[in-house]
Ligand code: UT7
C-alpha cells in the first residue's frame, strides 16, 4: 500500500476592502510613492475596518477554503491558525474560528512564527496527517498588522497590510502533495523585529503605551540581509530533501516582504525572476498571511499545473525561516458543483454553526446560575 501523503484540496483568502495607497501615506509621514515603489515594490495595502479582526478574516478565508474543498466543517479534525496578531492572548484565534465555522470535532491551536507562521503550521499539520492522527486539517494564516504598526513610523507603516489565507489539507494515498518541509530559527536575532510590550516581560502599563512599546520595531537593513541569504538556502534545502534540483521548480511562492529580496534570492538560485509569484504590489507584507494569499491567487490565475513542483518559502521575526516543497495535484478550474449539492452543503454549514451556537448559549445560561 502507498504511504499516507498530504494534499492541498481547498484554498481561500480574505482581504479587507479598504485600500491604503502610497499617496495616502505621503500625506501622513515623510515618504513618497517613488521611494516606496522603488525600494519595496509596494503600491497599496489593505486595512481592516473597525469591526474586523484576525479571527473574522480567518473565518472568511477558512470558509472559502472549505467550499473549494467541498468538505463540511464537521469533517475537519484539526485547525491551526498562524498569527502574531491574535484577537486575544488567549483563547487562541483557532478556537474562535472553530466555533464560528462549526467545526465541532476539531482540535484547534495557534502557531506563532511571525512571517514564517504559515509554513510552520503547514509543517506541523503535514506531520499530524502523515502520522495518522488527523485526516482533514484547516490551516489558516491571518494578520491585522495595522493594529500593531506605528502609523507615524515610516520604517514600518509603508510595508505592512492586513489579510488572511487558508488551505484545507487532506490525507490520501496518492502521489504528490507535500513532499518535504524545512524549518529553522535563530533567536539571537530576536530584537531585530519585535513587538516589545504586551507580553509577560512588559505587560501593558501607561508607560508602555506612552513609549509606544506596543508597536512593532524593526531593523530593516539587518532583516533584509538575513532574508536574502536565508530564502535561497531554505529553498535549496527543501528541494534537495524532496529529491529534485532547483531548476525543476516551476514556481516559487515566497513571503511577500520586498520585491528586491525576492529578486536577489531568485538570482542566487539561478532561476528566472518570473518563476517567483508576486502580489505584494497590491497587499504589501501581510506577515504569515502573505504566502497563502499568494498561493490562492497563483492557483486562480492558472499559474499552477498538475504535477508542477512548487516551493513555498518564508522568513521573519524570531528569527525564523521555513520552506515547503509540493507537487501540485488540485485541478483548476474547479469542476462545477450542482445546485442541489451546493444547497445541501450550505445547510450543513448552517447546522454545524447553530450546534456550536446553542452550546455557547448553554454555557452562558450555566454561568448565570
Ligand atoms: O516580513 C519580514 C519583515 N521585514 C522585512 O522584510 C523588511 C526587510 N527590509 C527592507 O525591506 C528594507 O530594508 C526597507 C524597505 C525597510 C528599507 O529599504 P533600504 O533600501 O534598506 O533603505 P534604508 O533603510 O537603507 O534607508 C535608505 C534611506 C535612508 O535615508 P538616508 O539615511 O540615506 O538619508 C532612510 O532614512 O531611505 C530613508 N527612508 C525612507 N525614505 C522615504 C527609510 N524609510 C523611508 C520611507 N520613505 N518610508
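Numbering (my numbering), first residue to last: 1 to 369.
Even glycine gets a Cβ: it sits at the ideal position worked out from N, Cα and C.
query	result
Reduced DSSP secondary structure (H/G/I, E/B, other) of residue 339	helix
Outcome for residue 295 when other beta-carbon atoms lying within 10 angstroms are tallied against a minimum of 16	buried
Close beta carbons around residue 440, own chain, < 8 angstroms, minus the five adjacent residues each side	Summary: the structure shown does not reach residue 440, with the chain confined to residues 1 through 369, and so no result is reported for it.
Cβ-heavy atom distance, residue 321 to the ligand UT7, below 8 angstroms	no
Contact between the segment 225-233 and the segment 260-269 (3+ Cβ pairs under 8 angstroms)	yes
For residue 306, three-class secondary structure by DSSP	coil
Extent of the continuous alpha helix (DSSP H) run through residue 76	Premise fails: residue 76 is in no alpha helix (DSSP H) and is neither H nor E.
Rounded C-alpha distance that separates residue 279 from residue 41	9 angstroms
Local Cβ density within 10 Å of residue 72, reported as buried at 16 or more and exposed below that	buried
Where residue 321 sits in the DSSP three-state scheme	strand
Residue 224 beta carbon near the ligand UT7 (any heavy atom closer than 8 angstroms)	yes
Reduced DSSP category for residue 123 - H, G, I as helix; E, B as strand; rest coil	helix
Residue environment, residue 90, which counts as buried when at least 16 other CB atoms sit within 10 Å	exposed
Beta strand (DSSP E) segment containing residue 11, residue limits	5-14
Cβ contact (3+ pairs, closer than 8 angstroms) linking the segment 176-190 and the segment 25-39	no
Residue 169, enclosing beta strand (DSSP E) - first and last residue	162-172
For residue 210: DSSP bridge partner residues	None; residue 210 has no bridge partner.
Residue from 145, 346 and 239 with nearest C-alpha to residue 70	346
Contact set for residue 172: own chain, Cβ-Cβ below 7 angstroms, skip 5 residues either direction	5 and 7
Proximity winner among 227, 214, 159 and 145, relative to residue 184 (alpha-carbon distances)	227
Buried versus exposed call for residue 302 [16 or more other C-beta atoms within 10 Å across all chains shown]	exposed
Per-residue DSSP class, three states only, for residue 203	coil
Residue interval of the beta strand (DSSP E) (run including residue 188)	It is not in any beta strand (DSSP E) - residue 188 carries neither H nor E in the DSSP assignment.
Option in 337, 328, 298 and 160 with minimal Cα separation from residue 306	328
Any non-hydrogen atom of the ligand UT7 closer than 8 angstroms to residue 221 Cβ	yes
Every unbroken beta strand (DSSP E) within the segment 83-139, with a cutoff of 3 residues, ordered by chain	107-111
Host beta strand (DSSP E) of residue 21 (start-end)	18-21
Nonlocal neighbours in the same chain, by C-beta distance under 6 angstroms from residue 45, ignoring five residues either side	20, 161, 283 and 284
Through-space distance from residue 313 to residue 274, alpha-carbon basis	16 angstroms
Minimum length 3: unbroken beta strand (DSSP E) runs contained in the segment 30-60	44-47
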